[in-house]
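Shown next, in structure tokens, is the structure this report addresses.
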Amino acid sequence: MNKRTDIAVIGGGASGLAAAIGAKTANPSAEVLIVEKLAKTGRKILVTGSGRCNLGNGEPAPRFYHGSVRNAAEIIAAGSGSAEFFASLGVLTCADSQGRLYPVSNSGASVLGALRLKNAELGTEELCGFGVTDFRREKNGYTLISESGEVSCRRMIIAAGGYAAPSLGTDGGMLRLLKNHGYKSAKICPGIAPLRVAPESVKGLKGVRVKGKISAVTEGRILREEYGEIQFTENSLSGICVFNLAGLFSQYEGRLSLVADLLPDMTHHEVEDYLFSVRRLRKGSTADELLTGAFVRNLAVYLVKTTLDRQMTDKIPDITDREIKRLAQRIKGLEFRVTGCSSWQNAQVTFGGIHGSCVDENLRSVRDSGIYFAGEILDIAGDCGGFNLEWAWASGLWAGKKCAESLM
């Protein structure tokens, strides 16, 4: 099987579908072909946000993005935003209190369907089951090589994603291929993912959820703080607030700790006063009941057992002032050493990717003027909350437009 086209978009995910729309809108006469290794395009869109598809965020400020692509904020700001983009495709959206955008239908199928319909209307073609294994430079463009044949093109837009969720097609194959072609990659690690800790440090906490403040700390220095629900598993800390710290693991591997403030709305002194008052109020109770008025039982017992050298059957009035102060300190600063990041299967995004120094302001390769990039394959990642899909649409439309204009 051999095909020819003007623009080949490698990857039929969010950024690839947007890139095709951007290219055909900017240059309707250009032939655009999406090549996708899976049997259908957009599979990952269908599972985003547990199927609801958190398709963007109404306030995509630069502070929510991390990476080496210098003009990422400008590219996002230059677009109309996810809500307006999808309104132009006939999709109704709504935002929650944190600015997270969802389709009113609460279904990723509405989002994917609209993207496919628009591409069909514009005349974009799809070639599925075509996994690119290599590419080569030709006199007038490029040849994409796969086990099933070749595609010749004048330009290509690489929107093949990173490593996150390999079962949905993003297994890092294109990043490895690009590195073989001499492209520089920033250090890669799972992002928006749980962080692993020593299993013995969270023994008894599996299934516990608590609202608090979580800080990423290295050598006594706070790198970043997040508020939200902290979730515990048998060997990790999870929850959106932890997900947003996961990208720090690659930079501080072996030197990163998570410190949880379990009562962030109270000062250290107020926590001490509370514990002293409980000691007075629960004179006939045992140590395992000291914190049950503040936390679920599993967490309450864990804190007392791992902080005080006491039996849980000891009486609360026997707990000393020094022990009360030590317990208050632990509630305000429960520390876990990070031993690793979650697997790619549990990650929502890739931190790292093709380094920003490899592309210009148009997301065009500085090594080869006929290659453009979009989406997660680049070294730019957002926090949890729709920011990564916001980048996918914006960068796809941007790269598609610039690529198509280069043919005019």
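Every position in the sequence shown, counted from 1, becomes a number in our numbering once 17 is added. Glycine included, every Cβ here is placed at the ideal spot set by N, Cα and C.
In the structure shown, what three-state DSSP assignment does residue i receive?
{"i": "R213", "result": "strand"}
{"i": "F266", "result": "coil"}
{"i": "M191", "result": "helix"}
{"i": "R117", "result": "strand"}
{"i": "V355", "result": "strand"}
{"i": "S382", "result": "strand"}
{"i": "A233", "result": "strand"}
{"i": "H372", "result": "coil"}
{"i": "F312", "result": "coil"}
{"i": "I93", "result": "helix"}
{"i": "C111", "result": "strand"}
{"i": "G28", "result": "coil"}
{"i": "R297", "result": "helix"}
{"i": "A40", "result": "helix"}
Just how far apart, CA to CA, sit residue i and residue j?
{"i": "T150", "j": "I51", "result": "15 Å"}
{"i": "R299", "j": "D338", "result": "15 Å"}
{"i": "S274", "j": "L240", "result": "10 Å"}
{"i": "R153", "j": "G29", "result": "21 Å"}
{"i": "E138", "j": "W410", "result": "18 Å"}
{"i": "I388", "j": "G271", "result": "37 Å"}
{"i": "K349", "j": "L307", "result": "16 Å"}
{"i": "G84", "j": "T309", "result": "43 Å"}
{"i": "K230", "j": "T356", "result": "20 Å"}
{"i": "S124", "j": "G66", "result": "9 Å"}
{"i": "P79", "j": "S302", "result": "51 Å"}
{"i": "A94", "j": "D305", "result": "53 Å"}
{"i": "P13", "j": "A37", "result": "An answer regarding residue 13 cannot be provided, because it is not within the stretch 18 to 425 covered by the chain."}
{"i": "A31", "j": "K156", "result": "31 Å"}
{"i": "T58", "j": "S359", "result": "26 Å"}
{"i": "Q248", "j": "F81", "result": "22 Å"}
Around the C-beta of residue i, are 16 or more other C-beta atoms found within 10 angstroms, so that it is buried, or is it exposed?
{"i": "Q268", "result": "exposed"}
{"i": "T323", "result": "exposed"}
{"i": "R12", "result": "Any question about residue 12 goes unanswered here, given that the chain covers just 18 to 425."}
{"i": "L109", "result": "exposed"}
{"i": "Q365", "result": "buried"}
{"i": "N136", "result": "buried"}
{"i": "S412", "result": "buried"}
{"i": "Y180", "result": "buried"}
{"i": "D326", "result": "exposed"}
{"i": "P334", "result": "exposed"}
So if DSSP puts residue i in a beta bridge, which residue, or which two residues, is it bridged to?
{"i": "N19", "result": "E167"}
{"i": "Y159", "result": "R154, C170"}
{"i": "A277", "result": "I231, L351"}
{"i": "T367", "result": "P207"}
{"i": "E101", "result": "Paired residues: none, contrary to the question."}
{"i": "E143", "result": "I51"}
{"i": "Q248", "result": "R226, S255"}
Report the CB separation of residue i from residue j in whole angstroms; it is logged as a contact under 8 Å.
{"i": "G370", "j": "E393", "result": "7 Å"}
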